[in-house]
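*Asks:*
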Amino acid sequence: MDDAGTPHCAMVVNPVKVDAGQVRAEVTRVLAAAGWSEPDWYETTAEEPGAGLVEQAVRAGARLVFVCGGDGTVRSCAGALAGSDVPMAVLPGGTGNLLAANLGIPTDTTAAARLAVDGGRRRIDVGEVDGEVFTVMAGMGFDAHMLGATPEPLKARLGWFAYLLGGARRLRDRPMRVTVALDDRTPLRRRARSVLVANVGRLQGGLDLLPDAQPDDGAFDVAVVTPRSLADWARLGAALLLRMDRPPRMEVHRCRAVTVRSVGHQARELDGDVIDSSARLRATLRPRSLTVCVPAELG
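Note that the UniProt record's numbering gives residue 113 to position 113 of the sequence shown, counting from 1, and the numbers run on in steps of one.
#1: Could you give the first and the last residue of the continuous beta strand (DSSP E) run that contains R170?
#2: Decide if S229 is buried, meaning its Cβ has at least 16 other Cβ atoms within 10 Å, or exposed.
#3: Would DSSP call R246 helix, strand or coil?
#4: Suppose you measure from the CA of V90 to the CA of F66; what does that come to, to the nearest Å?
#5: Could you tell me which of S84, V12, T150, C68 sits nearest to L99, measuring between CA atoms?
#6: With respect to the alpha helix (DSSP H) encompassing T135, which residues constitute its N-terminal and C-terminal limits?
#7: Helix, strand or coil: how does DSSP classify E269 here?
#8: Give me whichever residues DSSP pairs with E152 in a beta bridge.
#9: Alpha carbon to alpha carbon, how far is A82 from V117?
#10: Confirm, please, whether the CB-CB distance from L298 to G104 is below 7 Å.
#11: Taking R189 as part of the beta strand (DSSP E), name the residues at either end of that continuous run.
#12: Starting from P92, follow its DSSP beta bridges and name the residues at the other end.
#13: Of the residues L209, G272, R256, which one's Cα is nearest the Cα of P247?
#14: By Cβ distance below 7 Å, which residues in the same chain neighbour I275 in space, the five residues on each side in sequence not counted?
#15: Can you tell me which of the three DSSP states D143 falls into?
#16: For E55, report the span of its alpha helix (DSSP H) as first-last.
#17: Only counting the same chain, and skipping five residues up and downstream in sequence, which positions put a Cβ closer than 6 Å to that of C293?
#18: Quick one: residues in its chain with C-beta nearer than 7 Å to the C-beta of L182, no 5 flanking neighbours on either side, listed in chain order?
#19: What would DSSP say about R157, mapped onto helix, strand or coil?
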């Protein structure tokens, strides 16, 4: 707490994704109305995407950290806050904003900032791959190729629709030969287009890929996607849009740890950020390790 008895806050902003001056003014206005002090201010750079700034803020006494940017900024900051009692207040500022969408956090900056003052708190699970935290989803295969094929200028212009254009270029790619080991069960062998390890279920455009996935249920939902043709892709897409219980060419499993091994290196991603390709994706769950500001009814 600061001298006024209100939480000492910090603000980590990605100035590439948002108008930093406007965000600062809106958040300061919300906090002032609640009698809170202005937050310490930090801006991300290409060299420092957020985690180091959060660590610096917490060392300086911050007991709540606002994070404004896209899913990559949120992921980096979440990695520094996971395992602590310092809440993260997400102010959506990118194209996907998938953690915010799955937690009911509004896209309006003022409304999202108010959650820190009068909203609830929710402890959620996070996943970890190669020592890096993710809050939404890790993936190998088609999803990572789609993200890599979608340039930033196109995302800025078209929003989530840009991902559809990027994905369309990769629909005819050959499937991966993978082995999927779920906890201690007998490994599955599949010819898959994508393997997704999900902490939440909603994708860009509001598509509920995994409607039963909850961010605090202590388990991953793992989707193994196996379309063989454009017709299979069409049937799968239609089933997801219609919210069918068992979409064709997609099997779903629940686990706390998963290892995906492929024949040859494959594209990989964490929360929409493409990471180094590899023949292995190992994800482990850290249950209820991150506190997030959410609407009061969800806290």
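Note that beta-carbon positions come from the ideal geometry of N, C-alpha and C, so glycine has one too. From a predicted model like this one, the values you see are computed outputs, not experimental measurements.
*Replies:* A quick look at the data gives this:
#1: Premise fails: R170 is in no beta strand (DSSP E) and is neither H nor E.
#2: exposed
#3: coil
#4: 6 Å
#5: C68
#6: Premise fails: T135 is in no alpha helix (DSSP H) and is neither H nor E.
#7: Looking at E269 - three-state DSSP - the assignment turns out to be strand.
#8: In the DSSP output, where bridge partners are listed per residue, E152 has none listed.
#9: 21 Å
#10: A contact, by the Cβ cut-off of 7 Å.
#11: Boundaries of the beta strand (DSSP E) around R189: 188-192.
#12: G69
#13: L209
#14: R268, E269
#15: helix
#16: 51-59 is the span of the alpha helix (DSSP H), which, as asked, contains E55.
#17: Correct list, in chain order: P87, A89, L115, A116, G119.
#18: Sequence-distant partners of L182 (beyond 5 residues in either direction) whose C-beta falls short of 7 Å from its own C-beta, in its chain, are V222, H253, C255, V258.
#19: helix
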